[in-house]
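Single-structure report; data block below.
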Ligand code: A3P
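Now the structure itself:
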C-alpha cells in the first residue's frame with residue numbers, strides 16, 4: 138500500500154473513533170442530566186391548574202389527547218366528575234388530588250369533565266379551590282352537538298328514546314327547551330353563570346369545528362392561553378381518511394412523549410338521520426344565543 142493511502146486510512150479511522158467517542162459522551166451526558174433533572178423535579182400529585190369544563194360531545198376528549206402530547210402537560214386520563222357529583226365532592230380536595238397524575242413543578246396538570254360547564258353548583262366550587270385556574274370550553278354547532286349526544290344516548294343498550302324529532306320538539310312545531318340535550322347547547326347561559334366567578338380572561342373557547350379542520354392552528358391558541366411553549370405543530374397530525382378525522386403523531390423533541398393514533402370508535406361516529414325541518418327549527422332556536430356568545434367571547438364560530 139502506498140504511504141499516502143496508509144495516511145488516508147489512518148485519518149479516516151481516527152475520525153470514526155472521534156465521532157464514536159463524541160456520541161458516547163453526549164449520550165452519557167444527556168442521560169445523566171436527565172436523571173439529575175428528574176431526581177430534582179419533585180414528582181408529586183398536584184391539583185389541576187387548568188380544566189376542560191365542556192361542552193360535552195364537542196371534542197373534549199380530542200382536546201385533552203392532543204394537549205397530552207405536550208411535554209409540559211400532565212393530563213388526568215379519566216373524567217373525575219369531582220365538582221359536579223355530590224358523592225365525589227364530599228370526599229374533599231385531597232381525594233381529588235389523589236386522582237391526578239404525578240407531575241413536576243414545571244408541568245401543568247389538566248383534567249376534563251364535560252358536565253362541569255352546565256352544572257350550576259360547579260363554578261363556585263372550582264373558584265373555592267382556585268380563583269386563578271384556567272378554564273377551557275370547546276364548543277361546536279349546538280344543533281349538531283344535540284344530535285351527537287342523542288346518538289350516544291340512543292346507542293346505549295336498552296335505550297327506549299323516542300325519535301330525535303319527537304325528543305327535542307313539541308309535536309315537531311316548537312323546540313322542547315326543557316330537554317337536557319337542548320339546554321346544553323345554549324352556551325351563553327352557561328357562560329354567564331361562570332362569569333359570576335371568573336373573568337373572561339380566564340376562560341378560553343376552542344372551536345370544535347376548527348379542532349378537526351385546522352388542529353395545529355386551534356391548539357396554538359390553547360398553548361398561548363395556557364402559557365405553554367408553542368411546540369405542537371402540523372407535524373403532530375395526520376388525516377385518517379377512513380376515520381375522517383385528524384389523528385395524532387405524538388412525539389415532540391428527543392424526549393417527547395409518544396402518543397400516536399386516532400381516537401376510539403365512539404368518537405366521530407355516524408349520527409342518526411334527522412328531518413331537515415327539525416334541524417332548521419333547532420338552528421333558528423339557537424341562532425340568537427349563538428350570536429350572543431360570539432359577541433361575549435369576540436369570536437364568530439360561523440354556525441348555521
Ligand atoms: P361525534 O362522535 O358526534 O362526531 P367528546 O369527546 O366531547 O365526547 O366529543 C366527541 C366529538 O369529538 C366527536 O363527535 C367528534 O366530532 C369530535 N372530534 C374532534 N376531533 C376529533 C378527532 N380527532 N377524532 C375523533 N373525534 C373528534
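Residue numbers (this note's numbering): 138 to 441. For every residue, glycine included, the Cβ atom is placed at its ideal position computed from N, Cα and C. These numbers were taken from a predicted model, which means no experiment stands behind them.
Grab the span of the beta strand (DSSP E) containing residue 281 for me, first residue to last. Premise fails: residue 281 lies in the alpha helix (DSSP H), 279 to 291, not in any beta strand (DSSP E).
For residue 368, the residue or residues it bridges with in DSSP: For residue 368, which the question treats as bridged, DSSP gives no partner whatsoever.
Please state the DSSP three-state secondary structure of residue 305. It is coil, neither helix nor strand.
Can you round the beta-carbon distance between residue 331 and residue 214 to whole angstroms, since I take them to be within the 8 Å contact cut? Actually they are not in contact, since the Cβ atoms of residue 331 and residue 214 sit about 25 Å apart, beyond 8 Å.
Write down the C-beta distance between residue 352 and residue 188 rounded to the nearest angstrom, noting that I regard them as a contact closer than 8 Å. The beta-carbon separation of residue 352 and residue 188, rounded to 21 Å, does not stay under the 8 Å limit for a contact.
Which value, in whole angstroms, describes the spacing of the CA atoms of residue 242 and residue 265? Their Cα atoms are separated by approximately 22 Å.
Shorter than 6 Å, the distance from the beta carbon of residue 413 to the closest heavy atom of ligand 1, or not? No, the Cβ of residue 413 stays beyond 6 Å of every heavy atom of ligand 1.
Beta-carbon proximity list for residue 429, same chain, < 7 Å, skipping 5 on both sides: Counting only Cβ-Cβ distances below 7 Å, and skipping sequence neighbours, we find 325.
Under three-state DSSP, which class holds residue 361? Residue state, collapsed to three classes: helix.
Under 6 Å: does the beta carbon of residue 250 sit that close to some heavy atom of ligand 1? Residue 250 Cβ: outside cutoff for every heavy atom of ligand 1.
DSSP beta-bridge partners of residue 178: Note: residue 178 sits in no beta bridge, so no partner.
Alpha carbon to alpha carbon, what distance is there between residue 348 and residue 199? Per the coordinates, the alpha-carbon of residue 199 lies some 8 Å from the alpha-carbon of residue 348.
Among residues of its own chain, excluding the 5 on either side of residue 240, which ones have a beta-carbon nearer than 6 Å to its beta-carbon? Excluding the 5 residues flanking it on each side, residue 240 has same chain C-beta neighbours closer than 6 Å at 183, 211 and 246, in chain order.
Determine the extent of the alpha helix (DSSP H) in which residue 349 is found, giving its start and end residues. Secondary structure note for residue 349: its alpha helix (DSSP H) is the uninterrupted segment 345 to 350.
Taking only three categories from DSSP, how would you classify residue 269? Secondary structure of residue 269 (DSSP, three-state): coil.
Could you tell me how far apart the beta carbons of residue 248 and residue 185 are, in whole angstroms, since I believe they sit closer than 8 Å? Contact check for residue 248 and residue 185: beta-carbon distance about 5 Å, within the 8 Å limit, so the pair qualifies.
Would you please state the rounded distance, in angstroms, between the beta carbons of residue 256 and residue 221? I believe it to be under 8 Å. Indeed they touch by this definition, with Cβ atoms about 4 Å apart.
Distance check for residue 291 and residue 410, CA to CA, integer angstroms please. Annotation: residue 410 to residue 291 spans about 12 Å, alpha carbon to alpha carbon.
So, is residue 321 buried or exposed, given that buried needs 16 or more other C-beta atoms within 10 angstroms? Here residue 321 is buried: its Cβ has 16 or more other Cβ atoms, across all protein chains shown, within 10 Å.
Note down the Cα distance separating residue 167 from residue 178, rounded to an integer number of angstroms. Its pLDDT being 43, under 50, residue 167 is placed unreliably in this model, and the value from its coordinates should be taken loosely. Those two C-alpha atoms are separated by around 16 Å.
Is it a yes or a no for the stretch 335 to 348 touching the stretch 275 to 285, going by three-plus beta-carbon pairs under 8 Å? Taking one beta carbon from each stretch, the stretch 335 to 348 and the stretch 275 to 285 have 3 or more pairs nearer than 8 Å; the two touch.
What would DSSP say about residue 248, mapped onto helix, strand or coil? Here DSSP, grouped into helix, strand and coil, assigns residue 248 to strand.
Indicate, with yes or no, if ligand 1 has a heavy atom lying under 6 Å from the CB of residue 425. No, since every heavy atom of ligand 1 falls outside the 6 Å radius drawn around the Cβ of residue 425.
Considering residue 317, what are the terminal residues of the alpha helix (DSSP H) in which it resides? Taken as a continuous stretch (DSSP letters only), the alpha helix (DSSP H) holding residue 317 covers 317 to 320.
Identify the continuous alpha helix (DSSP H) that holds residue 426 and give its terminal residues. In the DSSP assignment, residue 426 falls within the unbroken alpha helix (DSSP H) covering 413 to 434.
Inter-residue spacing [alpha-carbon to alpha-carbon] between residue 273 and residue 342: If you take the alpha carbons of residue 273 and residue 342, they lie about 6 Å apart.
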